[in-house]
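Inspection log for the structure reproduced underneath, given as structure tokens.
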Amino acid sequence: MSVNSMLSLPLLSSSTFDNTGSEYNVTRVVDSNGDFVLSKYKEYSPMYISMSYSLTYGLSFAAVTAIVVHTYLYNGSEIWAKFKNARHGGEDIHRRLMRAYPEVPDWWYGALFVVMAGLGILTTKYWETGLPVWGFIVVCCGMGVVLIVPEGILEGTTNQRIFLNIITELIAGYAWPGKPIANMMVKCYGYNAVKHGMDFAQDLKMGQYMKIPPRVLFFGQIYASILATMTQTGVLRWMMGNISGLCDTDNAQRFTCAGAKVMYNASLIWGTIGPQRMFQSGQVYHSLMYFFLIGLQPVVTVIVYLIYRRYPQSWVKYINVPIFFNAAGNIPPANTTQYSLWFIFGFLFNYLIRKRALAWWKKYNYLFQAAMDTGTAIATIVIFFALGYTNTTFNWWGNTVGSNTDDQNSVPWLTVPAGGHFGKGPGEF
Numbered sequence: 005m006s007v008n009s010m011l012s013l014p015l016l017s018s019s020t021f022d023n024t025g026s027e028y029n030v031t032r033v034v035d036s037n038g039d040f041v042l043s044k045y046k047e048y049s050p051m052y053i054s055m056s057y058s059l060t061y062g063l064s065f066a067a068v069t070a071i072v073v074h075t076y077l078y079n080g081s082e083i084w085a086k087f088k089n090a091r092h093g094g095e096d097i098h099r100r101l102m103r104a105y106p107e108v109p110d111w112w113y114g115a116l117f118v119v120m121a122g123l124g125i126l127t128t129k130y131w132e133t134g135l136p137v138w139g140f141i142v143v144c145c146g147m148g149v150v151l152i153v154p155e156g157i158l159e160g161t162t163n164q165r166i167f168l169n170i171i172t173e174l175i176a177g178y179a180w181p182g183k184p185i186a187n188m189m190v191k192c193y194g195y196n197a198v199k200h201g202m203d204f205a206q207d208l209k210m211g212q213y214m215k216i217p218p219r220v221l222f223f224g225q226i227y228a229s230i231l232a233t234m235t236q237t238g239v240l241r242w243m244m245g246n247i248s249g250l251c252d253t254d255n256a257q258r259f260t261c262a263g264a265k266v267m268y269n270a271s272l273i274w275g276t277i278g279p280q281r282m283f284q285s286g287q288v289y290h291s292l293m294y295f296f297l298i299g300l301q302p303v304v305t306v307i308v309y310l311i312y313r314r315y316p317q318s319w320v321k322y323i324n325v326p327i328f329f330n331a332a333g334n335i336p337p338a339n340t341t342q343y344s345l346w347f348i349f350g351f352l353f354n355y356l357i358r359k360r361a362l363a364w365w366k367k368y369n370y371l372f373q374a375a376m377d378t379g380t381a382i383a384t385i386v387i388f389f390a391l392g393y394t395n396t397t398f399n400w401w402g403n404t405v406g407s408n409t410d411d412q413n414s415v416p417w418l419t420v421p422a423g424g425h426f427g428k429g430p431g432e433f
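Residues in the sequence shown are numbered from 5 upward in steps of one, following our numbering.
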């Protein structure tokens with residue numbers, strides 16, 4: 005991608021653009037069924053994304069290969085030992101105390117998997133998703149089986165998650181080109197199987213610390229999942245029918261749907277247009293694919309590991325290459341304001357306070373975090389009903405400073421002349 009093309013687009017944006025700098029009009033490249041039509045695409049424009057968006061994809065490509073290499077090098081032997089002795093290894097005071105309760109039989113989990121997989125197959129068959137049953141079984145379920153252990157080790161040691169949705173989108177984009185709904189189905193099932201698997205494992209670990217009987221916790225998780233699904237679906241349907249201008253950038257109640265827009269644009273990039281026309285050789289963002297290899301991931305991971313083995317007590321032991329490359333994974337929809345706040349609070353609590361007041365940090369740091377999360381949730385409810393629901397706004401510096409920037413308003417460095425374009429024009433790609 006040329007410098008001129010990058011400068012003609014906003015620096016920070018989750019939108020997709022055509023070669024005039026306008027938002028990409030996907031209706032010009034699909035048929036009445038929503039499937040991609042190559043001839044229409046060639047008459048219109050390649051799809052472009054902002055520099056921050058493209059860099060996030062590149063770093064995510066690197067992080068995907070990193071987590072596999074990192075897990076094998078640092079934890080391979082440990083994983084194998086635990087796998088051979090899964091039921092009896094890792095004895096500690098918590099496991100000994102939990103012996104007072106009957107364990108959840110393996111067949112309970114097996115039965116639950118069969119039921120949920122059956123519902124997934126029914127969903128892909130009943131609605132016209134474009135995803136075949138074999139794709140659901142092999143790709144969606146297979147991705148969860150392959151990635152959940154590396155993801156679990158990384159999250160358990162760093163409290164960070166790798167955004168593995170990129171690899172699911174990439175595979176689905178090549179397997180079912182021009183099928184955005186199928187792509188999103190693979191993303192939701194493949195990635196969320198790992199994500200929610202980690203959430204459930206976290207709950208089980210917390211239950212062990214709290215000495216909650218495993219079978220009680222098992223049914224509690226099922227009940228909570230069903231309740232959350234029904235609640236979320238009901239709230240979403242109510243919002244779509246009762247909130248005017250939902251997801252508009254100027255929505256009076258601030259329901260701008262930043263995350264949903266990223267999801268939608270990802271379906272265009274990976275599903276409608278497809279990785280073949282975005283990242284293959286000769287395409288606009290072909291260079292990003294090198295992040296898988298020169299993306300320096302396996303190379304850097306191996307080098308860091310060898311240095312660590314040679315100097316195990318040096319500062320190199322604190323380097324985690326997957327986390328380093330995954331740092332920008334929240335952009336978009338996160339922006340520089342949010343990253344700045346994360347850095348400030350992280351530096352304050354996990355460096356300054358931890359270094360100068362370790363006793364306080366051990367006792368209150370995570371309690372304070374839980375209090376902040378709880379307070380934010382309560383404040384969100386109060387603000388919604390007191391201000392958002394009544395369309396009440398307060399125009400002061402704290403509310404407007406973030407809205408008066410070129411990044412927020414998607415202002416590019418260069419303006420495309422009327423009737424002109426950057427990059428390749430119709431019939432040139």
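Positions of the beta carbon are idealized from the N, C-alpha and C atoms, including for glycine.
Just verifying my parser: in three-state terms, what is the DSSP assignment at residue i?
i: isoleucine 171; result: helix
i: tyrosine 370; result: helix
i: valine 190; result: helix
i: valine 480; result: The first residue shown for the chain is 5 and the last is 433, placing residue 480 beyond what the model contains.
i: tyrosine 178; result: helix
i: threonine 253; result: coil
i: isoleucine 152; result: helix
i: phenylalanine 349; result: helix
i: tyrosine 57; result: helix
i: tyrosine 393; result: coil
i: phenylalanine 21; result: strand
i: glutamate 27; result: strand
i: tyrosine 105; result: coil
i: phenylalanine 40; result: strand
i: tyrosine 268; result: helix
i: glycine 299; result: Summary for glycine 299: the model assigns pLDDT 47, below 50, so the residue's position carries little reliability; its value from the coordinates is reported in the next sentence. Residue state, collapsed to three classes: coil.
i: methionine 10; result: helix
i: tyrosine 2; result: With the chain covering 5 to 433 only, the question about residue 2 has no answer from this structure.
i: tyrosine 435; result: Here the chain covers residues 5 to 433 and nothing more, so residue 435 does not appear.
i: tyrosine 52; result: strand
i: proline 430; result: coil
How would you call residue i, buried or exposed, if buried means at least 16 neighbouring beta carbons within 10 angstroms?
i: proline 106; result: exposed
i: valine 119; result: exposed
i: glutamine 373; result: exposed
i: serine 285; result: exposed
i: tryptophan 417; result: exposed
i: phenylalanine 347; result: exposed
i: leucine 240; result: exposed
i: glutamine 287; result: buried
i: phenylalanine 426; result: buried
i: tryptophan 180; result: buried
i: tryptophan 131; result: exposed
i: proline 4; result: This structure cannot speak to residue 4, because the chain is shown only from 5 to 433.
i: phenylalanine 389; result: exposed
i: glutamate 173; result: buried
i: leucine 231; result: exposed
Express the C-alpha separation of residue j and residue i in angstroms, rounding to a whole number.
i: methionine 189; j: glycine 38; result: 15 Å
i: phenylalanine 21; j: methionine 51; result: 6 Å
i: threonine 276; j: lysine 44; result: 12 Å
i: alanine 363; j: threonine 162; result: 21 Å
i: tryptophan 138; j: valine 320; result: 44 Å
i: tyrosine 193; j: valine 142; result: 11 Å
i: aspartate 203; j: asparagine 403; result: 33 Å
i: lysine 367; j: alanine 361; result: 10 Å
i: threonine 75; j: valine 325; result: 11 Å
i: threonine 31; j: proline 184; result: 13 Å
i: alanine 262; j: proline 336; result: 8 Å
i: tyrosine 370; j: asparagine 354; result: 11 Å
i: phenylalanine 398; j: tyrosine 315; result: 56 Å
i: phenylalanine 117; j: lysine 191; result: 18 Å
i: serine 81; j: leucine 11; result: 48 Å
i: serine 407; j: alanine 270; result: 24 Å
i: asparagine 196; j: glycine 177; result: 18 Å
i: serine 54; j: glutamine 206; result: 36 Å
i: serine 291; j: arginine 281; result: 13 Å
i: leucine 297; j: methionine 234; result: 43 Å
i: proline 405; j: threonine 380; result: According to the sequence shown, residue 405 is valine rather than proline. Rounded to the nearest angstrom, the two C-alpha atoms are 21 Å apart.
i: glycine 299; j: methionine 147; result: Because the pLDDT of glycine 299 is 47, which lies under 50, any placement of that residue in the model is unreliable, and the number read from its coordinates should be weighed accordingly. The alpha-carbon atoms of glycine 299 and methionine 147 are separated by roughly 22 Å.
i: phenylalanine 283; j: tryptophan 274; result: 10 Å
i: threonine 24; j: tryptophan 365; result: 53 Å
i: isoleucine 385; j: tyrosine 393; result: 10 Å
Taking residue i and residue j to be in contact with their CB atoms under 8 Å, please state how far apart those CB atoms are, rounded to whole angstroms.
i: isoleucine 152; j: asparagine 79; result: Not a contact, Cβ separation roughly 14 Å.
i: isoleucine 216; j: isoleucine 71; result: Not quite, the Cβ-Cβ distance comes to about 31 Å (not below 8 Å), so this is no contact.
i: serine 18; j: tyrosine 57; result: 6 Å
i: proline 430; j: lysine 46; result: 7 Å
i: valine 68; j: leucine 168; result: 7 Å
i: leucine 15; j: alanine 332; result: At roughly 13 Å, the Cβ-Cβ gap does not stay under 8 Å, so leucine 15 and alanine 332 are not in contact.
i: alanine 186; j: leucine 135; result: 4 Å
Can you list the alpha helix (DSSP H) stretches of 4 or more residues lying completely in the region 202-252, in chain order? Runs of the alpha helix (DSSP H) lying entirely within the region 202-252, each at least 4 residues long, are 218-246 in chain order.
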